[in-house]
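Right, one structure below, let's go through it.
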Amino acid sequence: MNITLIGMAGAGKSTIGRSLAKRLGYTFIDVDHLIRENTGMPLQTLIDKEGDSAFIRFEEEAILSLEQIDRSVISPGGSVIYSEKAMNHLKKISKIIFLDTAFRSIARRLPNARKRGIVGLRDRSLKELFEERKGFYQKYADFSIKLKGRENIQDIDEMIVEICFEEST
20 MNITLIGMAG
30 AGKSTIGRSL
40 AKRLGYTFID
50 VDHLIRENTG
60 MPLQTLIDKE
70 GDSAFIRFEE
80 EAILSLEQID
90 RSVISPGGSV
100 IYSEKAMNHL
110 KKISKIIFLD
120 TAFRSIARRL
130 PNARKRGIVG
140 LRDRSLKELF
150 EERKGFYQKY
160 ADFSIKLKGR
170 ENIQDIDEMI
180 VEICFEEST
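Under the working numbering, the first residue of the sequence shown carries the number 20, and numbering increases by one thereafter.
Structure, rendered in structure tokens:
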């Protein structure tokens, strides 16, 4: 089984994902890192040079390349929800957990959001993107975890383990 963490940039996907993978003895897969490896460019440079739609295409390709994986925690970028094909693939290979992080926490963690490589910030504010994406995250998630931003990472790991490995009787 694989676990995918979705949510906005700054939601804690990478931090929680690394911790969860270590706890479970799983491999951690950072999709943003795969995109940087595949393109040879930082995310913001890729968006500036190629545009949002090209970035989404690169992200989709990176996710579709994840085929024969097992026992992995996957952390895609926040814009993954703009690709139905990528999300359907993730749904097929993993349980999807939405890290429903409060906007105040996101804004605090992303003081330089426009330099972070976030799709859609050219046309909208971070708050507008947050509101737009929330419905997509909820649509694709198998489970949601509401976070205020002050939780202990080990406690979040425990919640995810309980959700993903609870015995259905």
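Backbone N, C-alpha and C define an ideal beta-carbon position, used for all residues, glycine too.
>> In the DSSP output, what is residue 118 paired with across the bridge?
In response: 164
> Just checking, does the region 60-70 make contact with the region 27-42 on the three C-beta pairs under 8 Å criterion?
Replying inline: The answer is no - the region 27-42 does not touch the region 60-70, with fewer than three Cβ pairs under 8 Å.
> Between which two residues does the beta strand (DSSP E) carrying residue 142 extend?
Replying inline: Where residue 142 is concerned, there is no enclosing beta strand (DSSP E), given that its DSSP letter is neither H nor E.
>> Just list the residues that DSSP pairs residue 46 with in beta bridges.
In response: 91
>> Using a Cβ-Cβ cutoff of less than 7 Å, which residues in the same chain neighbour residue 37 once the five nearest sequence positions on both sides are dropped?
In response: Closer than 7 Å at Cβ, skipping near neighbours: 47.
> Under a Cβ-count criterion, where at least 16 other Cβ atoms within 10 Å of its own Cβ denotes burial, should residue 73 be classed as buried or exposed?
Replying inline: With fewer than 16 other CB atoms across the displayed protein chains lying within 10 angstroms of its CB, residue 73 is exposed.
>> For the structure I just gave you, are there three or more beta carbon pairs, one from the region 48-58 and one from the region 115-132, closer than 8 Å?
In response: no
> Closest to residue 30 by CA distance: which of 185, 180, 165, 179 is it?
Replying inline: 165
> What separation, rounded to the nearest whole angstrom, lies between the Cα atoms of residue 35 and residue 175?
Replying inline: 7 Å
> Between which two residues does the alpha helix (DSSP H) harbouring residue 182 extend?
Replying inline: Its alpha helix (DSSP H) spans residues 172-184.
> Looking only at its own chain, which residues have a Cβ that is under 6 Å from the Cβ of residue 145, when we skip the five neighbours before and after it?
Replying inline: 132
>> Quick check: the Cα distance between residue 188 and residue 142, rounded to an integer number of angstroms?
In response: Any reading at residue 188 must be qualified, since the residue scores a pLDDT of 37, below 50, and its modelled position is unreliable; the value itself is stated next. Approximately 48 Å between the Cα atoms of the pair.
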